[in-house]
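Colleague:
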Amino acid sequence: MLARDDFDIVLIATSIKWHGIMSIDAMNAGKHVGSEVPACQDLEECRGMVRAKEANNVHYMLLENYTFMEQNLAVLNMVKDGLFGNPYYGECGYIHEYKAGHYNPNGSVNWRGELATKTHGNHYPTHSGGPVFKWMGINDGDRLSKLTCYATQNETAREYYTRRFGEAAAAKMTWTLGEMTTCLIGTARGKIVKMDLDIQSNRPHSFYYLLQGTKGIVDNRFGISLLDEKAPLDRHPHFTWEKLQPYVDKYEHALWKKYRDQAYTSGHGGGDFLELLELVRMVREDREPWIDVYDAAAWSAIYECSRQSLDGGNATVEIPDFTGGRWKKAGWRATGLG
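Anchor point for the sequence shown: position 217 equals 307 in our numbering, and the numbering is continuous, going up by one each time.
1) Would you call the segment 179 to 193 in contact with the segment 275 to 284, where contact means no fewer than 3 C-beta pairs closer than 8 Å?
2) Looking at chain B, is there any beta carbon in it that lies within less than 8 Å of the beta carbon of Cys136?
3) Report the option in Met372, Ala93 and Trp108 whose CA atom is closest to the CA atom of Asn118.
4) Contact between the segment 211 to 225 and the segment 365 to 378 is defined here as three or more beta-carbon pairs at a separation below 8 Å; is this criterion met?
5) Tell me whether the segment 337 to 345 and the segment 154 to 167 touch, counting them as touching only if at least three CB pairs, one residue from each stretch, are closer than 8 Å.
6) Would you say Met285 touches the ligand SAH, meaning its beta carbon is less than 7 Å from a heavy atom?
7) By Cβ distance, which residues of its chain are closer than 7 Å to Leu400, with the 5 residues on each side in sequence left out?
8) Taking the alpha carbon of Asp318 as the point to measure from, which residue in Val308, Thr330 and Asn310 has its own alpha carbon closest?
9) Taking all protein chains shown into account, do 16 or more other C-beta atoms lie within 10 angstroms of the C-beta of Ser105, making it buried, or fewer, making it exposed?
10) Would Leu237 and Ile275 qualify as a contact pair, given that the criterion is a beta-carbon distance under 8 Å?
11) I'd like to check one pair, Glu154 with Ile392: are the Cβ atoms closer than 8 Å?
12) Can you find at least 3 beta carbon pairs, one from the segment 346 to 362 and one from the segment 394 to 408, that sit closer than 8 Å?
13) With DSSP collapsed to three states, give me the class of Thr216.
14) Comparing C-alpha positions only, which one of Leu267, Gly231, Glu365 and Pro195 sits nearest to Ala278?
15) I need the boundaries of the beta strand (DSSP E) containing Thr271, first residue and last residue.
16) Around the Cβ of Met91, are there at least 16 other Cβ atoms within 10 angstroms (buried) or fewer (exposed)?
17) Using the beta-carbon count (16 or more within 10 Å), is Phe97 buried or exposed?
18) Would you say Gln290 and Glu126 are within 8 Å of each other, going by their C-beta atoms?
19) Sorted by chain position, which residues of the same chain lie with C-beta nearer than 8 Å to Ala424's C-beta, five sequence neighbours on each side aside?
20) Can you tell me whether Pro322 is buried or exposed, with buried defined as 16 or more other CB within 10 angstroms of its CB?
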(Lines of atoms letter the chains of each structure in order from A and count residues from 1; the text may use other names and numbers.)
(Lines give C-alpha, C1' and ligand atoms only; values in the text may rest on other atoms or scores of the structure.)
Protein backbone atom coordinates (compact mmCIF):
# COMPACT_ATOMS: atom_id res chain seq x y z
CA MET A 1 0.00 0.00 0.00
CA LEU A 2 2.76 2.46 0.91
CA ALA A 3 4.26 2.11 -2.57
CA ARG A 4 1.19 3.75 -4.12
CA ASP A 5 1.34 7.40 -5.16
CA ASP A 6 -2.38 8.21 -5.22
CA PHE A 7 -2.79 9.28 -1.57
CA ASP A 8 -0.96 11.66 0.77
CA ILE A 9 -1.68 10.53 4.32
CA VAL A 10 -2.05 7.34 6.34
CA LEU A 11 -4.62 7.22 9.16
CA ILE A 12 -3.56 4.66 11.78
CA ALA A 13 -6.37 3.27 13.94
CA THR A 14 -5.06 -0.16 14.86
CA SER A 15 -4.28 -1.71 18.22
CA ILE A 16 -1.59 0.15 20.17
CA LYS A 17 1.25 -2.24 19.40
CA TRP A 18 1.18 -1.25 15.70
CA HIS A 19 0.95 2.56 16.05
CA GLY A 20 4.65 3.32 16.18
CA ILE A 21 5.75 0.72 13.62
CA MET A 22 3.15 1.77 11.07
CA SER A 23 3.84 5.48 11.62
CA ILE A 24 7.55 5.02 11.00
CA ASP A 25 6.95 2.91 7.89
CA ALA A 26 4.46 5.42 6.49
CA MET A 27 6.71 8.44 7.05
CA ASN A 28 9.70 6.63 5.57
CA ALA A 29 7.51 6.05 2.50
CA GLY A 30 6.92 9.80 2.24
CA LYS A 31 3.39 9.80 3.67
CA HIS A 32 1.95 12.14 6.27
CA VAL A 33 0.52 10.40 9.33
CA GLY A 34 -2.42 10.77 11.67
CA SER A 35 -2.24 8.23 14.47
CA GLU A 36 -4.51 7.06 17.26
CA VAL A 37 -3.19 7.16 20.83
CA PRO A 38 -0.72 6.56 22.28
CA ALA A 39 1.75 7.12 19.49
CA CYS A 40 3.80 4.02 20.27
CA GLN A 41 4.70 1.58 23.01
CA ASP A 42 8.41 2.03 23.67
CA LEU A 43 11.19 4.61 23.62
CA GLU A 44 12.92 3.27 20.52
CA GLU A 45 9.69 3.72 18.56
CA CYS A 46 9.41 7.27 19.97
CA ARG A 47 12.88 8.05 18.66
CA GLY A 48 12.20 6.31 15.38
CA MET A 49 9.10 8.40 14.77
CA VAL A 50 11.03 11.64 15.31
CA ARG A 51 13.83 10.47 13.00
CA ALA A 52 11.38 9.42 10.28
CA LYS A 53 9.48 12.71 10.43
CA GLU A 54 12.63 14.83 10.30
CA ALA A 55 14.27 12.78 7.54
CA ASN A 56 11.34 12.68 5.13
CA ASN A 57 9.85 16.19 5.18
CA VAL A 58 6.41 14.92 6.19
CA HIS A 59 3.92 15.89 8.88
CA TYR A 60 2.72 13.77 11.80
CA MET A 61 -0.28 14.41 14.07
CA LEU A 62 -1.26 12.55 17.21
CA LEU A 63 -5.06 12.22 17.24
CA GLU A 64 -5.60 13.12 20.89
CA ASN A 65 -9.22 14.22 20.91
CA TYR A 66 -9.45 15.11 24.62
CA THR A 67 -7.24 18.16 24.07
CA PHE A 68 -9.87 19.54 21.67
CA MET A 69 -12.80 19.34 24.07
CA GLU A 70 -14.59 22.64 24.67
CA GLN A 71 -13.64 23.00 28.30
CA ASN A 72 -10.01 22.05 27.76
CA LEU A 73 -9.49 24.56 24.95
CA ALA A 74 -11.19 27.25 27.04
CA VAL A 75 -8.77 26.54 29.89
CA LEU A 76 -5.92 26.86 27.39
CA ASN A 77 -7.17 30.38 26.63
CA MET A 78 -7.37 31.12 30.37
CA VAL A 79 -3.76 30.04 30.79
CA LYS A 80 -2.63 32.21 27.88
CA ASP A 81 -4.50 35.15 29.41
CA GLY A 82 -2.62 34.69 32.69
CA LEU A 83 -5.70 33.85 34.72
CA PHE A 84 -3.85 31.31 36.87
CA GLY A 85 -0.49 33.07 36.95
CA ASN A 86 2.43 30.69 36.53
CA PRO A 87 1.20 27.07 36.39
CA TYR A 88 3.35 24.69 38.44
CA TYR A 89 1.23 21.65 39.33
CA GLY A 90 -1.29 19.47 37.52
CA GLU A 91 -3.38 16.39 38.07
CA CYS A 92 -5.04 14.18 35.49
CA GLY A 93 -6.64 10.79 35.34
CA TYR A 94 -8.25 8.37 32.93
CA ILE A 95 -10.64 6.06 34.78
CA HIS A 96 -12.60 3.76 32.49
CA GLU A 97 -13.63 0.27 33.65
CA TYR A 98 -13.67 -1.88 30.54
CA LYS A 99 -13.11 -5.48 31.65
CA ALA A 100 -15.87 -6.82 29.40
CA GLY A 101 -14.01 -5.46 26.39
CA HIS A 102 -10.78 -7.29 27.21
CA TYR A 103 -11.88 -10.80 26.25
CA ASN A 104 -13.14 -12.74 23.27
CA PRO A 105 -16.27 -14.89 23.71
CA ASN A 106 -14.13 -18.00 24.34
CA GLY A 107 -12.20 -16.30 27.16
CA SER A 108 -9.03 -15.52 25.21
CA VAL A 109 -7.70 -11.98 25.39
CA ASN A 110 -7.93 -9.47 22.57
CA TRP A 111 -5.47 -6.60 22.10
CA ARG A 112 -7.08 -4.65 24.94
CA GLY A 113 -6.83 -7.69 27.17
CA GLU A 114 -3.16 -8.01 26.36
CA LEU A 115 -2.63 -4.62 27.98
CA ALA A 116 -3.95 -6.05 31.25
CA THR A 117 -2.40 -9.52 31.08
CA LYS A 118 0.95 -9.07 29.35
CA THR A 119 2.20 -5.59 30.22
CA HIS A 120 1.96 -2.97 32.95
CA GLY A 121 2.45 0.73 33.63
CA ASN A 122 0.42 3.58 32.15
CA HIS A 123 -0.28 2.40 28.60
CA TYR A 124 -2.81 5.18 27.93
CA PRO A 125 -1.24 8.46 29.07
CA THR A 126 -2.38 10.92 26.41
CA HIS A 127 -6.12 11.24 27.17
CA SER A 128 -5.26 12.38 30.67
CA GLY A 129 -1.94 14.11 30.12
CA GLY A 130 -2.51 15.84 26.78
CA PRO A 131 -4.63 18.79 27.97
CA VAL A 132 -2.48 19.41 31.06
CA PHE A 133 0.77 19.20 29.08
CA LYS A 134 -0.56 21.78 26.61
CA TRP A 135 -1.60 24.07 29.48
CA MET A 136 1.89 23.77 30.98
CA GLY A 137 3.74 24.53 27.75
CA ILE A 138 5.45 21.14 27.51
CA ASN A 139 7.93 21.19 24.60
CA ASP A 140 7.45 24.98 24.44
CA GLY A 141 9.62 26.36 27.24
CA ASP A 142 9.57 23.23 29.38
CA ARG A 143 9.70 19.47 28.92
CA LEU A 144 8.89 16.23 30.71
CA SER A 145 12.13 15.13 32.37
CA LYS A 146 11.54 12.36 34.93
CA LEU A 147 8.93 9.98 36.22
CA THR A 148 8.18 7.80 39.22
CA CYS A 149 5.38 5.24 39.09
CA TYR A 150 3.40 3.15 41.58
CA ALA A 151 0.71 0.54 41.00
CA THR A 152 -1.63 -1.33 43.31
CA GLN A 153 -2.17 -5.06 43.17
CA ASN A 154 -4.73 -6.33 40.70
CA GLU A 155 -7.94 -7.25 42.52
CA THR A 156 -11.05 -7.22 40.36
CA ALA A 157 -9.88 -8.60 37.00
CA ARG A 158 -9.56 -12.18 38.25
CA GLU A 159 -12.86 -11.95 40.11
CA TYR A 160 -14.64 -10.75 36.96
CA TYR A 161 -12.98 -13.33 34.73
CA THR A 162 -13.86 -16.16 37.13
CA ARG A 163 -17.53 -15.15 37.22
CA ARG A 164 -17.67 -14.96 33.43
CA PHE A 165 -15.52 -17.89 32.31
CA GLY A 166 -15.17 -20.14 35.37
CA GLU A 167 -12.50 -21.03 37.90
CA ALA A 168 -10.68 -23.50 35.66
CA ALA A 169 -10.14 -20.90 32.94
CA ALA A 170 -9.14 -18.25 35.48
CA ALA A 171 -6.51 -20.56 36.97
CA LYS A 172 -4.66 -20.44 33.65
CA MET A 173 -4.67 -16.63 33.47
CA THR A 174 -2.23 -14.03 34.78
CA TRP A 175 -2.89 -10.31 35.14
CA THR A 176 0.09 -7.95 35.14
CA LEU A 177 -1.56 -4.51 35.05
CA GLY A 178 -2.08 -2.94 38.46
CA GLU A 179 -5.58 -1.92 39.47
CA MET A 180 -4.60 1.75 39.87
CA THR A 181 -1.41 3.05 38.30
CA THR A 182 -0.19 6.44 39.52
CA CYS A 183 2.75 8.36 38.10
CA LEU A 184 4.44 11.52 39.33
CA ILE A 185 6.02 13.32 36.39
CA GLY A 186 8.56 16.11 36.84
CA THR A 187 9.48 18.75 34.28
CA ALA A 188 12.79 20.42 33.57
CA ARG A 189 11.44 23.66 35.11
CA GLY A 190 10.42 21.97 38.35
CA LYS A 191 6.69 21.50 37.69
CA ILE A 192 4.87 18.32 38.74
CA VAL A 193 2.01 16.36 37.16
CA LYS A 194 0.21 13.52 38.95
CA MET A 195 -1.30 11.05 36.46
CA ASP A 196 -3.68 8.15 37.17
CA LEU A 197 -4.81 5.21 35.03
CA ASP A 198 -7.44 2.64 36.01
CA ILE A 199 -9.33 0.52 33.47
CA GLN A 200 -10.36 -2.28 35.83
CA SER A 201 -11.78 -1.02 39.14
CA ASN A 202 -15.51 -1.18 39.73
CA ARG A 203 -16.21 2.54 39.59
CA PRO A 204 -17.83 5.06 37.22
CA HIS A 205 -16.06 6.31 34.12
CA SER A 206 -14.38 9.66 34.74
CA PHE A 207 -11.53 11.82 33.55
CA TYR A 208 -10.23 14.67 35.64
CA TYR A 209 -7.97 17.63 35.06
CA LEU A 210 -6.47 20.06 37.57
CA LEU A 211 -4.10 22.95 37.01
CA GLN A 212 -2.64 24.96 39.90
CA GLY A 213 -0.91 28.26 39.28
CA THR A 214 0.37 31.11 41.40
CA LYS A 215 -2.89 33.03 40.98
CA GLY A 216 -5.50 30.29 40.97
CA ILE A 217 -6.63 26.78 40.28
CA VAL A 218 -9.02 25.03 37.90
CA ASP A 219 -10.36 21.55 38.58
CA ASN A 220 -13.09 20.10 36.36
CA ARG A 221 -14.48 18.20 39.37
CA PHE A 222 -15.01 21.29 41.53
CA GLY A 223 -14.71 24.47 39.47
CA ILE A 224 -12.34 27.40 39.56
CA SER A 225 -10.80 29.45 42.37
CA LEU A 226 -8.80 32.62 41.79
CA LEU A 227 -6.64 34.73 44.06
CA ASP A 228 -8.18 38.06 45.06
CA GLU A 229 -5.15 40.32 44.77
CA LYS A 230 -7.10 43.20 46.34
CA ALA A 231 -7.84 41.32 49.56
CA PRO A 232 -6.12 42.57 52.77
CA LEU A 233 -2.84 40.78 53.32
CA ASP A 234 -3.12 40.84 57.12
CA ARG A 235 -6.13 38.51 57.08
CA HIS A 236 -6.36 34.81 56.39
CA PRO A 237 -7.74 34.45 52.81
CA HIS A 238 -10.94 32.54 52.23
CA PHE A 239 -10.73 30.53 49.01
CA THR A 240 -13.95 29.24 47.49
CA TRP A 241 -14.94 27.36 44.34
CA GLU A 242 -16.79 29.16 41.56
CA LYS A 243 -18.66 27.42 38.79
CA LEU A 244 -16.41 26.80 35.80
CA GLN A 245 -18.97 27.16 33.00
CA PRO A 246 -19.16 30.99 33.03
CA TYR A 247 -15.39 31.07 32.51
CA VAL A 248 -15.63 28.48 29.73
CA ASP A 249 -18.20 30.70 28.02
CA LYS A 250 -16.04 33.80 28.45
CA TYR A 251 -12.86 32.14 27.20
CA GLU A 252 -14.46 30.10 24.44
CA HIS A 253 -11.88 29.05 21.89
CA ALA A 254 -12.19 30.40 18.35
CA LEU A 255 -12.61 26.89 16.93
CA TRP A 256 -15.60 26.29 19.16
CA LYS A 257 -17.13 29.61 18.21
CA LYS A 258 -16.86 28.70 14.54
CA TYR A 259 -17.61 24.97 14.54
CA ARG A 260 -19.75 24.33 17.61
CA ASP A 261 -22.75 22.84 15.80
CA GLN A 262 -20.63 20.60 13.62
CA ALA A 263 -18.36 19.55 16.49
CA TYR A 264 -21.22 18.34 18.65
CA THR A 265 -22.35 15.95 15.93
CA SER A 266 -19.18 13.94 16.63
CA GLY A 267 -17.94 11.94 19.61
CA HIS A 268 -15.81 12.72 22.65
CA GLY A 269 -17.52 16.01 23.38
CA GLY A 270 -16.85 17.35 19.90
CA GLY A 271 -13.16 16.59 20.11
CA ASP A 272 -13.33 14.06 17.28
CA PHE A 273 -14.52 16.63 14.76
CA LEU A 274 -11.95 19.27 15.71
CA GLU A 275 -8.99 16.89 15.75
CA LEU A 276 -9.87 15.57 12.29
CA LEU A 277 -10.36 19.13 11.08
CA GLU A 278 -6.82 19.89 12.27
CA LEU A 279 -5.56 16.76 10.53
CA VAL A 280 -7.12 17.74 7.20
CA ARG A 281 -5.80 21.29 7.53
CA MET A 282 -2.32 19.92 8.24
CA VAL A 283 -2.30 18.23 4.83
CA ARG A 284 -4.11 20.88 2.82
CA GLU A 285 -2.06 23.76 4.24
CA ASP A 286 1.19 21.74 4.32
CA ARG A 287 2.01 22.72 7.88
CA GLU A 288 2.82 21.21 11.25
CA PRO A 289 -0.19 20.26 13.42
CA TRP A 290 -0.92 21.44 16.95
CA ILE A 291 -0.05 18.02 18.40
CA ASP A 292 3.08 17.12 16.49
CA VAL A 293 5.58 14.27 16.57
CA TYR A 294 7.52 15.83 19.48
CA ASP A 295 4.40 15.94 21.63
CA ALA A 296 3.51 12.44 20.52
CA ALA A 297 6.92 11.08 21.51
CA ALA A 298 7.12 12.89 24.85
CA TRP A 299 3.60 11.99 25.95
CA SER A 300 3.80 8.38 24.76
CA ALA A 301 7.22 7.84 26.36
CA ILE A 302 5.36 7.70 29.67
CA TYR A 303 4.31 4.15 28.73
CA GLU A 304 7.77 2.59 28.77
CA CYS A 305 9.13 4.92 31.44
CA SER A 306 6.33 3.90 33.80
CA ARG A 307 7.15 0.24 33.16
CA GLN A 308 10.82 0.90 33.88
CA SER A 309 9.93 2.67 37.12
CA LEU A 310 7.73 -0.20 38.33
CA ASP A 311 10.33 -2.78 37.33
CA GLY A 312 12.92 -0.82 39.28
CA GLY A 313 10.93 -0.72 42.51
CA ASN A 314 9.32 2.67 41.82
CA ALA A 315 12.62 4.12 40.67
CA THR A 316 12.89 7.58 39.15
CA VAL A 317 13.32 7.23 35.38
CA GLU A 318 14.64 9.90 33.03
CA ILE A 319 12.35 10.85 30.14
CA PRO A 320 14.32 11.54 26.95
CA ASP A 321 14.33 14.93 25.27
CA PHE A 322 12.96 14.32 21.80
CA THR A 323 13.37 17.94 20.70
CA GLY A 324 17.17 18.04 20.88
CA GLY A 325 17.07 20.95 23.32
CA ARG A 326 14.79 23.10 21.19
CA TRP A 327 12.09 23.03 23.90
CA LYS A 328 14.06 25.68 25.81
CA LYS A 329 12.86 28.37 23.42
CA ALA A 330 9.11 28.92 23.64
CA GLY A 331 7.56 29.23 20.18
CA TRP A 332 10.38 27.38 18.39
CA ARG A 333 7.88 25.33 16.41
CA ALA A 334 4.99 26.63 14.34
CA THR A 335 2.20 24.53 15.82
CA GLY A 336 -0.44 27.08 16.77
CA LEU A 337 -4.10 26.14 16.85
CA GLY A 338 -6.18 28.42 14.62
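Even glycine gets a Cβ: it sits at the ideal position worked out from N, Cα and C. This structure is a prediction, so every number in the text was calculated from the model and none was measured.
Modeller: Working from what's here:
1) yes
2) Looking at the structure shown, chain B is missing, and only one protein chain is on hand.
3) Ala93
4) no
5) yes
6) For the structure depicted, the ligand SAH is absent and the ligand set is empty, with no information on it obtainable.
7) His210, Gly211, Cys239 and Ala241
8) Thr330
9) exposed
10) yes
11) no
12) no
13) helix
14) Gly231
15) Thr271 to Thr277
16) exposed
17) exposed
18) no
19) Arg377 and Glu378
20) exposed
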